[in-house]
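For reference, the structure discussed in these notes is given below.
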Amino acid sequence: MEVADGIIALAIGYFAFKGFRAVKERVFLYIHFSFTLLGVGFLAHGLTTGVASARPVRFAIPLLNFGYLVYFIAELIAYSLLISAYLQQTKSLASSLSSSALPFLIAYNPVSEVVIFCLTAFITAQCAVNYSVKRKGAPLLVLIGFALITLSHVLFPLAGAVKALFLAAHTLQLIGFVLLLAMVLKVSKG
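Mapping of the sequence shown onto numbering that gives the first Met the number 0: residues 0 to 189, in sequence order.
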């Protein structure tokens, strides 16, 4: 599913760039870079997981750790860019985010998932504020999309205890990205 998420994120990045070129609004450039980074992160993690599954454990674990590190750093930067875009758009006071937290190199590490949860929860809150002001279809798609992505980051750390939550988390994340892609396509068509 991460490869599918990656492809969808890259598509969102592509259409956001087209939107930037059409209307010259800087927020679309932030969305472009954010989702391009997310796409690269998802693809790196999905592809390294696929390759690692065919390798002996002693080679698989470092490969999985590397893929997750790329994924985590890409998410951290991408969601920080989106937060920056929302803060600029709403003219809120931006407090600088510290990216000095070093991730632990384990797939779906609870600590890194909490960091990503906090970032996506903030983005979801900003989307809710945006929707409360604009009350249109596109902001609603963004709100629901990020709410599902945020919820997926609640479920990922719990997946170690209940295996079905792993699939549920990925499904929510995929649906969230599909909704974001639908919004970008809707906006790019005018």
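Just so it is clear, CB atoms sit at the ideal spot from N, CA and C, and this is done for glycine as well.
Asked	Found
L184 versus H31 - alpha carbon distance	13 angstroms
Contact set for L171: own chain, Cβ-Cβ below 8 angstroms, skip 5 residues either direction	L147, I148, L150, S151 and L154
Selected residue, minimal CA-CA separation from E112, among A8, M0, Y70 and V161	Y70
Cα-Cα separation between A163 and L173, rounded to whole angstroms	16 angstroms
Cβ pair G12, F34 closer than 8 angstroms	yes
Local Cβ density within 10 Å of F58, reported as buried at 16 or more and exposed below that	exposed
Cut-off 6 angstroms between Cβ atoms - residues of its own chain near A93, not counting five sequence neighbours on either side	Summary for A93: the model assigns pLDDT 37, below 50, so the residue's position carries little reliability; its value from the coordinates is reported in the next sentence. L86.
Whether I82 touches F121 by CB criterion (8 angstroms)	yes
Straight-line Cα distance separating V56 from A8	30 angstroms
Backbone secondary structure at L167 - three-state DSSP	Looking at the sequence itself, residue 167 is Ala, so the reference to Leu does not match. In the structure shown, A167 sits in a helix (DSSP, three-state: H, G or I).
Endpoints, the alpha helix (DSSP H) within which E1 is located	E1 to V22
As assigned by DSSP and simplified to three states, the class of P138	helix
Proximity to A84 [Cα-Cα], best of R25, A158 and F14	R25
Delimiting residues of the alpha helix (DSSP H) encompassing K133	P109 to K133
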